[in-house]
Amino acid sequence: MATLLKNHRRYHFDGDLEKALNRVDFFRIFHSMSLRFGFDHFGILQLGNEGDACMLSNRLALHDLPSGLAEEYDKRHRFGDSGVFKSLHTSTIPSVWKAGDPHMGGGGNLLDQLGFEMLMCVPVTGINGARYAVLFLGDGEDIEQQQHFELCYDAVCAFDFFYRLVLSNKAGLGLTPRETEILRWISHGKTASEIALIVSVSEHTVNSHTATILKKLDVVNRTQMVAKAIREQIIQ
Numbered sequence: 002m003a004t005l006l007k008n009h010r011r012y013h014f015d016g017d018l019e020k021a022l023n024r025v026d027f028f029r030i031f032h033s034m035s036l037r038f039g040f041d042h043f044g045i046l047q048l049g050n051e052g053d054a055c056m057l058s059n060r061l062a063l064h065d066l067p068s069g070l071a072e073e074y075d076k077r078h079r080f081g082d083s084g085v086f087k088s089l090h091t092s093t094i095p096s097v098w099k100a101g102d103p104h105m106g107g108g109g110n111l112l113d114q115l116g117f118e119m120l121m122c123v124p125v126t127g128i129n130g131a132r133y134a135v136l137f138l139g140d141g142e143d144i145e146q147q148q149h150f151e152l153c154y155d156a157v158c159a160f161d162f163f164y165r166l167v168l169s170n171k172a173g174l175g176l177t178p179r180e181t182e183i184l185r186w187i188s189h190g191k192t193a194s195e196i197a198l199i200v201s202v203s204e205h206t207v208n209s210h211t212a213t214i215l216k217k218l219d220v221v222n223r224t225q226m227v228a229k230a231i232r233e234q235i236i237q
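Take 2 as the starting number for the sequence shown in our numbering and just add one per residue.
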């Protein structure tokens with residue numbers, strides 16, 4: 002299968018992809034890709050279900066946006082209201098968005114709210130069917146058709162490697178079987194004292210495991226913990 006993949010792919014950075022092992026490697030690949038095509042930043046966005054909680058910062062699997070930009074956006078806006086978000090849930094066609102375009106929408110003008118002039122969206126899919134989009138943002142005026150085609154193909158190829166080598170190999174984001182069990186009971190609405198009785202440990206131990214889970218999932222409360230665990234398919 003590896004030979005089939007290699008023989009049937011055509012991209013300009015095959016050496017970089019073959020050597021990539023972790024998030025840092027793919028960060029460099031996508032960052033270089035965005036600059037090569039005249040963009041300033043990139044983001045890999047997990048789409049999830051259209052009705053899910055729509056915080057931009059929680060949906061970014063990898064990005065090089067300015068520090069705190071996504072979090073500040075979430076304080077003022079709802080990503081689900083943006084025309085970009087709605088478009089990604091109604092079509093899989095790659096698209097280019099410009100800040101002044103009428104179809105950006107008034108209250109949902111993502112580009113104006115983030116402070117960029119142009120956005121290119123490349124919908125992609127993981128091998129398990131999970132839907133994502135590779136975003137490229139910048140202040141350029143437009144992108145030529147040939148460059149559009151080339152960037153779409155490069156983004157799809159890079160995402161394929163990133164998904165298979167990083168996103169699909171999270172192994173529960175490092176959670177132990179006991180932590181996963183406690184997380185599952187939390188998702189069912191059980192309190193720490195109730196979980197302690199169920200799994201035959203002290204309430205202090207449950208709280209300690211919960212704190213570890215929060216850290217491993219990089220979230221700040223139980224609600225975010227459960228939402229991310231479901232989104233990452235750690236629990237059902």
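C-beta atoms are modelled at their ideal positions from N, C-alpha and C, and glycine is treated no differently. The structure displayed is predicted, hence computed values, not measured ones.
Rounded C-alpha distance that separates residue i from residue j
{"i": "Leu36", "j": "Tyr133", "result": "21 angstroms"}
{"i": "Val85", "j": "Leu57", "result": "12 angstroms"}
{"i": "Val202", "j": "Thr177", "result": "15 angstroms"}
{"i": "Leu5", "j": "Gln147", "result": "The predicted model places Leu5 with a pLDDT of 46, which falls under 50 and marks its position as unreliable, so this point remains unresolved."}
{"i": "Leu152", "j": "Val220", "result": "33 angstroms"}
{"i": "Leu89", "j": "Val135", "result": "11 angstroms"}
{"i": "His149", "j": "Glu195", "result": "55 angstroms"}
{"i": "Phe117", "j": "Arg179", "result": "44 angstroms"}
{"i": "Arg77", "j": "Lys217", "result": "27 angstroms"}
{"i": "Lys33", "j": "Ile187", "result": "Sequence check: residue 33 is Ser here, not Lys. When rounded, the distance between both Cα atoms is 41 angstroms."}
Residue i: CB within 7 angstroms of a non-hydrogen atom of the ligand ATP
{"i": "Cys55", "result": "Only the bare structure without any ligand can be found here, which leaves the ligand ATP out of the picture."}
Whole-Å CB distance - residue i paired with residue j, under 8 angstroms assumed
{"i": "Leu184", "j": "Ile231", "result": "Not confirmed; about 10 angstroms, so no contact."}
{"i": "Tyr164", "j": "Ile128", "result": "7 angstroms"}
{"i": "Val200", "j": "Val157", "result": "Rounded, the Cβ-Cβ distance is 44 angstroms, inconsistent with contact."}
{"i": "Ala197", "j": "Glu204", "result": "4 angstroms"}
{"i": "Gly101", "j": "Met119", "result": "Not confirmed; about 10 angstroms, so no contact."}
{"i": "Leu61", "j": "Ser83", "result": "The Cβ separation is near 14 angstroms, so there is no contact."}
{"i": "Leu18", "j": "Phe162", "result": "5 angstroms"}
{"i": "Leu115", "j": "Leu70", "result": "7 angstroms"}
Where the beta strand (DSSP E) containing residue i begins and where it ends
{"i": "Ile128", "result": "Unbroken run through Ile128: none, as it is neither H nor E."}
{"i": "His97", "result": "With the sequence shown as reference, residue 97 is identified as Val, and His is not the correct amino acid for it. Here the beta strand (DSSP E) through Val97 covers Ser96 to Lys99."}
{"i": "Ala62", "result": "Leu61 to His64"}
{"i": "Leu46", "result": "His42 to Gln47"}
For residue i, the three-state DSSP class (helix, strand or coil)
{"i": "Leu176", "result": "coil"}
{"i": "His149", "result": "helix"}
{"i": "Cys1", "result": "As shown, the chain starts at 2 and ends at 237. That puts residue 1 outside it, with no answer to give."}
{"i": "Val135", "result": "strand"}
{"i": "Ile231", "result": "helix"}
{"i": "Phe163", "result": "helix"}
{"i": "Arg77", "result": "helix"}
{"i": "Val220", "result": "coil"}
{"i": "Thr93", "result": "coil"}
{"i": "His205", "result": "helix"}
{"i": "Gly69", "result": "coil"}
{"i": "His210", "result": "helix"}
{"i": "Met226", "result": "helix"}
Where the alpha helix (DSSP H) containing residue i begins and where it ends
{"i": "Ser35", "result": "Arg24 to Arg37"}
{"i": "Ile235", "result": "That residue, Ile235, is in no alpha helix (DSSP H); it is neither H nor E in DSSP."}
{"i": "Phe86", "result": "Gly84 to Leu89"}
{"i": "Leu168", "result": "That residue, Leu168, is in no alpha helix (DSSP H); it is neither H nor E in DSSP."}
{"i": "Glu195", "result": "Ala193 to Val200"}
{"i": "Asp143", "result": "Run containing Asp143: none; DSSP gives neither H nor E here."}
{"i": "Asp113", "result": "Leu111 to Leu115"}
Any chain E beta carbon closer than 8 angstroms to residue i
{"i": "Asp17", "result": "The question asks about chain E, but that chain is absent: this structure has only one protein chain."}
Worksheet item: Does the count of Cβ pairs from the segment 27-43 and the segment 56-76 closer than 8 angstroms reach three?
Response: yes
Discussion item. Contact between the segment 140-159 and the segment 83-102 is defined here as three or more beta-carbon pairs at a separation below 8 angstroms; is this criterion met?
Written reply: yes
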